[in-house]
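Residue numbers (the working numbering): 19 to 498. Every residue gets a Cβ at the ideal spot worked out from N, C-alpha and C, and that includes glycine. Quantities reported herein were computed from a predicted structural model and do not represent experimental measurements. Everything on this sheet refers to the single structure shown next.
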RNA sequence: GGCGCCGUGCCCAAGUGGUAAGGGAGGGGCCUGCAAAGCCUUUAUGCAGCGGUUCGAUUCCGCUCGGCGCCUCCA
């Protein structure tokens, strides 16, 4: 087995990956909140996780990938301690929160599929793990890590000796309420204490009984409860967007390690953001945010004429720890369609790639026909992937080798669906009357009557066919 | 105030203490009546700026400028 090196946020270094159990990997990744569609920024992170999983599997690991589905517990805005986002969206769409969650969970699965992202092995829903969360909170309570306020049950971060180790927080220098949209609960003992259970929420639609009153779970606890349920108290890799480092993941570690006394996740990997640039107004940064609306989703790409795989290919060309800028230009006022240069480029490049592979295979051209050459190239590309998922380098190498065989081998990781895309356009037989025009044009060309030849080309085009001259004679194909 | 990230050709983007992958786009060429495709070739003495360390820095260190993320429920 080849060595794999991964950048671990805990140590801020690339480390050799050694799983807990040889040959097996337990992977947990923070999943979607399902009160709205996922946007392509969210999906960039899931795509990174897909690439990680595929790379590990390519190396022969047996990977168990768990991703939570958050279908409860988010507030309307960060300053609102009352309603959750599920309820508000439910009212907006005239659906009960449960149906709403299923609707967007289905949409999430569909979008994942459209981007060629393999679904995780387990997609546990928060609402189906309330028991586990309550049990975990009880454990924390028994171990003396909690206290109650009228708002609910809190985790006391001062009881955790190494709180903030992931983010390397210096707690004294953290500004409480640095964000104006977050209100501060004055009953908290320490600014960074976080809620484990919201009690006293009897009017809430999604609510459950608990030792701390009727209410619903705090946001962080679901990830601890579900990851430990499916992967054990200690597991190998935990992933997420890098915005989760200071708060969400930090709190996951605090509560999990407080409850078990063991290391939670051993390797932490975080994906950088996709940033949206506003083309007309470069000074205005568009924030890819679900709660603020107006974001680009997979359907937006489709409606704009892009194959979602082109977006995947674009993402493959940037390292997961680098921010990726997308200069998106909306084409219509209601924000349904748009375009981006980098996506145009990616789409064009991908189309040519498919054609090259298909043509090379048809003509039996293989640059790495010797097995020894192939094996050496394969190791080289694999080493790029195993070096902290350097997919851009791997793609560069694949382009350089230009070997259909190598492309196909690594499509198991890249997921460009070469199998179904690298096909020459079907040779559709044109009707006899079209061929008559082609014959006539051939005659005209022989007679060097190019005016007539061009007129016939136009006539053929008007009937929906494109004629191309080749050394073997004219060929016809359907106009696209 | 704190934590952290980034600045590589027209665009996107790898990379390295020893002299800049790859993808697009553009230029030139082959082919071609035209068109399209294909193929070949070409484009950074340079990696924000200024210092320092070094035989040698784009790569390490410092400062400056510029951009960005997070600091309690945004991937």
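Between the options, which lies nearest to residue i when the distance is taken from Cα to Cα?
i, options, result
"residue 292", "278, 260, 281, 467", "260"
"residue 325", "182, 50, 367, 351", "367"
"residue 315", "32, 35, 54, 48", "54"
"residue 403", "336, 269, 477", "336"
"residue 206", "439, 170, 425", "170"
"residue 44", "254, 213, 118", "254"
"residue 355", "321, 341, 365, 331", "321"
"residue 124", "89, 374, 219", "89"
"residue 122", "143, 139, 323", "143"
"residue 424", "397, 226, 449, 450", "397"
"residue 413", "359, 380, 475, 330", "330"
"residue 507", "427, 149, 115", "Since the first residue shown for the chain is 19 and the last is 498, residue 507 is missing from the structure and cannot be characterised."
"residue 503", "237, 220, 204", "This structure cannot speak to residue 503, because the chain is shown only from 19 to 498."
"residue 476", "461, 456, 488, 491", "456"
"residue 130", "415, 39, 65, 373", "65"
"residue 279", "342, 286, 177, 364", "177"
Starting from the C-beta of residue i, find all residues in its chain whose C-beta is less than 7 Å away, skip the five residues before and the five after it, and write them out in chain order.
i, result
"residue 407", "69, 70, 73, 338"
"residue 263", "27, 184, 185, 288"
"residue 419", "385, 386, 395"
"residue 307", "Note that residue 307 has pLDDT 49, beneath the 50 cutoff, so the model's placement of it is unreliable and the number below is only indicative. 313, listed in sequence order."
"residue 111", "118"
"residue 452", "478, 481, 483, 494"
Look at the alpha carbon of residue i and the alpha carbon of residue j, and state the distance between them as a whole number of angstroms.
i, j, result
"residue 23", "residue 37", "12 Å"
"residue 483", "residue 467", "21 Å"
"residue 49", "residue 58", "14 Å"
"residue 233", "residue 313", "31 Å"
"residue 86", "residue 362", "33 Å"
"residue 77", "residue 430", "11 Å"
"residue 30", "residue 267", "15 Å"
"residue 433", "residue 151", "36 Å"
"residue 241", "residue 390", "46 Å"
"residue 302", "residue 344", "Bear in mind that the predicted position of residue 302 carries a pLDDT of just 42, short of 50, making it too unreliable to give a figure here."
"residue 80", "residue 19", "13 Å"
"residue 281", "residue 442", "53 Å"
"residue 155", "residue 127", "30 Å"
"residue 438", "residue 375", "12 Å"
"residue 35", "residue 160", "35 Å"
"residue 427", "residue 371", "15 Å"
"residue 273", "residue 417", "46 Å"
"residue 323", "residue 350", "14 Å"
"residue 106", "residue 244", "25 Å"
"residue 166", "residue 269", "17 Å"
"residue 472", "residue 465", "13 Å"
"residue 97", "residue 56", "Bear in mind that a pLDDT of 37 at residue 97, under 50, signals an unreliable position, so the model cannot answer this."
"residue 148", "residue 235", "8 Å"
I believe residue i touches residue j by the beta-carbon criterion, under 8 Å. Please report the beta-carbon distance rounded to the nearest angstrom.
i, j, result
"residue 211", "residue 173", "6 Å"
"residue 283", "residue 158", "Wrong, their Cβ atoms sit about 18 Å apart, outside the cutoff."
"residue 67", "residue 257", "5 Å"
"residue 515", "residue 474", "What is shown of the chain runs 19 to 498, which leaves residue 515 out entirely."
"residue 230", "residue 217", "4 Å"
For the alpha helix (DSSP H) containing residue i, list its first residue and its last residue.
i, result
"residue 499", "The shown model of the chain, from 19 to 498, leaves out residue 499, and the question about it has no answer."
"residue 270", "268 to 278"
"residue 157", "148 to 160"
"residue 417", "409 to 419"
"residue 457", "450 to 464"
"residue 123", "115 to 132"
"residue 401", "389 to 404"
Within the continuous beta strand (DSSP E) that includes residue i, where are the two ends?
i, result
"residue 347", "342 to 348"
"residue 18", "This structure cannot speak to residue 18, because the chain is shown only from 19 to 498."
"residue 287", "283 to 289"
"residue 357", "356 to 358"
"residue 35", "Segment: none, residue 35 is in no beta strand (DSSP E) and carries neither H nor E."
"residue 253", "253 to 259"
"residue 494", "491 to 496"
"residue 336", "Where residue 336 is concerned, there is no enclosing beta strand (DSSP E), given that its DSSP letter is neither H nor E."
"residue 488", "483 to 488"
"residue 166", "164 to 167"
"residue 499", "Any property of residue 499 remains undetermined from this structure, which presents the chain solely from 19 to 498."
Got a sec? Which residues, its chain only, sit under 6 Å from residue i by beta carbon, not counting five neighbours each side?
i, result
"residue 179", "none"
"residue 228", "152, 215"
"residue 62", "292, 333"
"residue 340", "290"
"residue 378", "422"
"residue 83", "45, 71, 138, 139"
Going by beta carbon distance, what residues of the same chain come within less than 8 Å of residue i, once the five residues before and after it are set aside?
i, result
"residue 435", "134, 327, 429"
"residue 449", "none"
"residue 187", "181, 210, 264, 268"
"residue 497", "479, 482, 483, 484"
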